[in-house]
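Following: one structure in structure tokens, then a few remarks.
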Amino acid sequence: MTLPEENVPRGRPAEIKAVPVRHYGRWVAAVLILYIAIWAVYSVANNERFGWDTINAWFWDGTILDGIVMTLELTVIAMLMGVVGGIVLAVMRLSPNPLISGVAWAYVWVFRGTPVLVQIILWFYVKALIPTFSLGIPFGPTFVHFNANDLITAFVAGCLGLGLNEAAYMSEIVRAGILSVDPGQGEAATALGMSRAKIMRRVVLPQAMRVIIPPTGNETISMLKTSSLVSVIALADLLYSVQIVYNRTYQTIPMLLVASIWYLVMTSILTVGQFYLERYFGRGTAQRQTMLERFVANLRVRSGRRA
Amino acid sequence: MASDDRPSLQKADEDDPVPGTGPRAGAPEFMVRAEDVHKSFGRLEVLKGIDLEVRPGEVMCVIGPSGSGKSTFLRCINHLEKINGGRLWVNGHLVGYRQKGDRLYEMREREVAAQRRDIGMVFQRFNLFPHMTALGNVMEAPVQVKGQPKGQVRERAVALLERVGLADKMDAYPAQLSGGQQQRVAIARALAMEPALMLFDEPTSALDPELVGEVLEVMKQLAVDGMTMIVVTHEIGFAREVGDSLVFMDGGVVVEQGRPRDVIENPQHPRTQDFLSRVL
Ligand SMILES: Nc1ncnc2c1ncn2[C@@H]1O[C@H](COP(=O)(O)OP(=O)(O)OP(=O)(O)O)[C@@H](O)[C@H]1O
Ligand SMILES: [Mg+2]
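See the structure below:
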């Protein structure tokens, strides 16, 4: 490429105005895919057997919306328990104290090694296994006394089952994140006189987050759907709610589609949230653009050129 | 060196009169004193009896072939590594141990951390915190470790960054800085803790040749200002110009030491002669 001499101002070279490489193949593929997509949507939308009327009628129904709220509550609580528990377990696991790291290892072994469905059921039947629960010194005075029936409701059992299981998985994710941080970081912080706890909180974890967040997003989306296991203890989450409906009306496929569309909506919102979290914790590092960022940047450039 | 915020250490000091650390009142005679220091990693003995003395205000340069234990010795000084034998004092305090009578007691992690506050360390690979700006890096330890008020620390951090010539890079993240700039931030970060002693482990070895000068210039200024420094380096020119003493290490022992000019121009030991003939 040659730049015309007169266009070059003194001191600062002119910005390059080149014709970008044309990706003709991409355009052909895009047209083809768009055509297939439109055809697919059109044929599904015009297929009576999908029961669009039913979907429409039930989509905003109170039963369904209550189910969504239950699903969201379970997901948020279980993931909070999972993330907090996972961090605690991961830090314990990396402790130089063999007792502490052994306890963390055993926790993961038990909670990751048994089906989450069984764990939910066991928590629900805790009242049968351990009817009363006291806090005090063994063989000594009792301070508080609980009745498992009042304490472990179906909702609490669901949260415990999902959250404690999730903590086991999260602890491995967090541990991988912590191990991914350059050991020189901890060394530099140690040399500055920081304590182990401070180093973890201020230096290591913020950097580990970059590695921790993508799989955590995965876990959250997975939890959104795994939480439907609570139907075994008769908690009416989204999936259980549509099941209740189609057991009455026999409109199985439309109702399952209602649930699926709602799950997709929730997943999409989570994906956007993950994007912003990743950007926040990626600050200070040269990062590759995500698909969405590239798209936005492209739009900006195009509209800028037109203006 | 004031240690008014560390009563435990002072108390420890009173019941272990350390031989050779000079008069109790005022500054100790030696900033660093190593006596027959041994260090092994498993069965590999890396330090085989190091004896050294660094006076307050002295700049000691350490040279030697790769694997001779230079980094390991520096890391022992601020207890990043635990020594297996001998004694090591910094500023009159035993490093990592407390002596009562004939017995040595290991210090708790908190006490070791408190000792490290007085020792700044600069690494070959900078090790800046990538998720903090240059200013954030410099402010981190005084705020988090010493609990000093942010406003006051910020003022000092800004002054330090100006002193290392980075007034315009306060808000840059490490990834946006050149190697030389990063290393200068790292020096400012160590200085923010107001250390009595600075350790440099090959601070210019990871830098492009044209960036070495700016870092050495900052270190030279620090030496002129009276900082006590131990500098592991391959920059013989710096050692000759700035160093008060030069130590040649090989195979885990100090082979030769003396005034830089004497050691460089007139090495006595054949291993020193051999090493210098290869690096000069
Ligand atoms: N954590 C460790 N575990 C086991 N061996 C180690 C460890 N750290 C250092 N060593 C060994 O100790 C020896 C001395 O290493 P050290 O880093 O002190 O050398 P050095 O003089 O700084 O060399 P260089 O000029 O290459 O930096 C080397 O043989 C090294 O392999
Ligand atoms: Mg080294």
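In order, the protein sequence lines correspond to chains A and B.
Its first residue numbered 1, the first sequence is counted upward by one per residue in the numbering used here.
Its first residue numbered 1, the second sequence is counted upward by one per residue in the numbering used here.
Ideal Cβ placement from N, Cα and C applies to all residues, glycine included.
Since the structure is predicted, the reported quantities are computational estimates derived from the model, not experimental observations.
CB-CB under 8 Å to A:G186, same chain, minus the five flanking residues each way: which ones, in chain order?
Closer than 8 Å at Cβ, skipping near neighbours: I199, V203, V204.
In the structure shown, what three-state DSSP assignment does A:L32 receive?
helix
Out of curiosity, what's the CA-to-CA distance linking B:Q176 and B:D168?
12 Å
Terminal residues of the continuous beta strand (DSSP E) containing A:T132?
132–136
Taking 7 Å as the cut-off, is the CB of B:D201 close to at least one heavy atom of ligand 3?
You won't find ligand 3 in this model; what it holds is ligand 1 and ligand 2.
Taking just the CA atoms, how far does B:M132 sit from A:L277?
17 Å
Excluding sequence positions up to five away, which residues of its chain have a Cβ less than 8 Å from the Cβ of B:L160?
V138, A188, L191, A192
Taking a cut-off of 5 Å, which residues have a beta-carbon closer than that to any heavy atom of ligand 1, in chain order?
B:F41, B:V46, B:S66, B:G67, B:S68, B:G69, B:K70, B:S71, B:T72
Residues of the segment 191–225 of chain A in Cβ contact with chain B at a cutoff of 8 Å, in chain order, please.
Taken in chain order, the members of the segment 191–225 of chain A whose beta-carbon sits within less than 8 Å of a beta-carbon on chain B are A191, L192, G193, M194, S195, R196, K198, R202, V203, P206, Q207.
So for A:W60, helix, strand or coil by DSSP?
Judged by DSSP in its simplified three-state form, A:W60 adopts coil rather than helix or strand.
Quick check on B:M60: does DSSP put it in helix, strand or coil?
strand
Starting from the beta carbon of A:A188, find every residue of chain B whose beta carbon is closer than 7 Å, and list them in chain order.
Under a criterion of Cβ atoms nearer than 7 Å, the residues of chain B adjacent to A:A188 are, in order, F123, N127.
Where A:A259 and A:I173 are concerned, what is the direct C-alpha to C-alpha distance, given to the nearest angstrom?
In a straight line, the C-alpha of A:A259 is about 29 Å away from that of A:I173.
Starting from B:Q99, trace the alpha helix (DSSP H) both ways and give me its first and last residue.
DSSP places B:Q99 outside any alpha helix (DSSP H); the residue lies instead in the beta strand (DSSP E), whose first and last residues are 97–100.
Could you tell me if A:A40 is buried or exposed, where buried requires 16 or more neighbouring beta carbons within 10 angstroms of its beta carbon?
exposed
What is the rounded straight-line gap between the Cα of B:N84 and the Cα of B:G42?
Whole-angstrom Cα-Cα distance: 11 Å.
Is it the case that the Cβ atoms of A:L94 and A:I178 are separated by a distance below 8 Å?
yes
Check whether the segment 80–97 of chain B and the segment 57–69 of chain B are in contact - that is, three or more C-beta pairs closer than 8 Å.
no
Could you spell out the range, first to last residue, of the beta strand (DSSP E) harbouring A:N149?
It is not in any beta strand (DSSP E) - A:N149 instead sits in the alpha helix (DSSP H) that spans 148–151.
How far does the beta strand (DSSP E) with A:G282 in it extend, from its first residue to its last?
Careful: A:G282 lies outside any beta strand (DSSP E) and carries neither H nor E.
Using a C-beta to C-beta distance shorter than 7 Å, which residues of chain B count as neighbours of A:P184?
Sequence inspection shows Gly at residue 184 of chain A; the Pro mentioned does not correspond to that position. Going along chain B in sequence order, the residues near A:G184 (Cβ under 7 Å) are F123, R125, N127.
Hey, is A:R283's beta-carbon within less than 8 Å of any beta-carbon in chain B?
yes
Let me confirm a value: B:P23 is counted as buried when at least 16 other C-beta atoms fall within 10 Å, else exposed. Which label applies?
Low confidence applies to B:P23: its pLDDT is 41, below 50, so where it sits in the model is not reliable, and the reading given next is rough at best. When all chains shown are included, B:P23 counts as exposed.
For the alpha helix (DSSP H) holding B:F248, just list the boundary residues, first then last.
Note, B:F248: premise wrong, no alpha helix (DSSP H); beta strand (DSSP E) at 245–250.
According to the neighbour-count rule (16 or more other Cβ atoms, all chains shown, within 10 Å of its Cβ), is B:A25 buried or exposed?
Confidence is the limiting factor: at B:A25 the pLDDT is only 45, short of 50, which leaves the residue's position unreliable, though a coordinate-based value still follows. That one is exposed.
For B:M249, which residues of its own chain have a beta-carbon under 7 Å away from its beta-carbon, when the five flanking residues on both sides are left out?
V62, G64, S68, G69, K70, V255
Tell me where the beta strand (DSSP E) around B:S283 begins and ends.
Shown here, chain B extends from 1 to 280; a query on residue 283 of chain B therefore has no answer.
Taking the C-alpha atoms as reference points, what is the distance between A:T2 and A:D182?
Residue placement at A:T2 cannot be trusted, given a pLDDT of 49 that sits under 50; what the coordinates show is reported in the next sentence. Cα-Cα distance, rounded: 45 Å.
For B:L104 and B:H38, I'd like the C-alpha separation in whole angstroms.
16 Å
Among residues of its own chain, excluding the 5 on either side of A:V126, which ones have a beta-carbon nearer than 6 Å to its beta-carbon?
A148, I152
Given A:I221, which residues of its chain have a CB within under 7 Å of its CB, disregarding the five upstream and five downstream residues?
T267, L270
So, helix, strand or coil for B:I83, using DSSP?
coil
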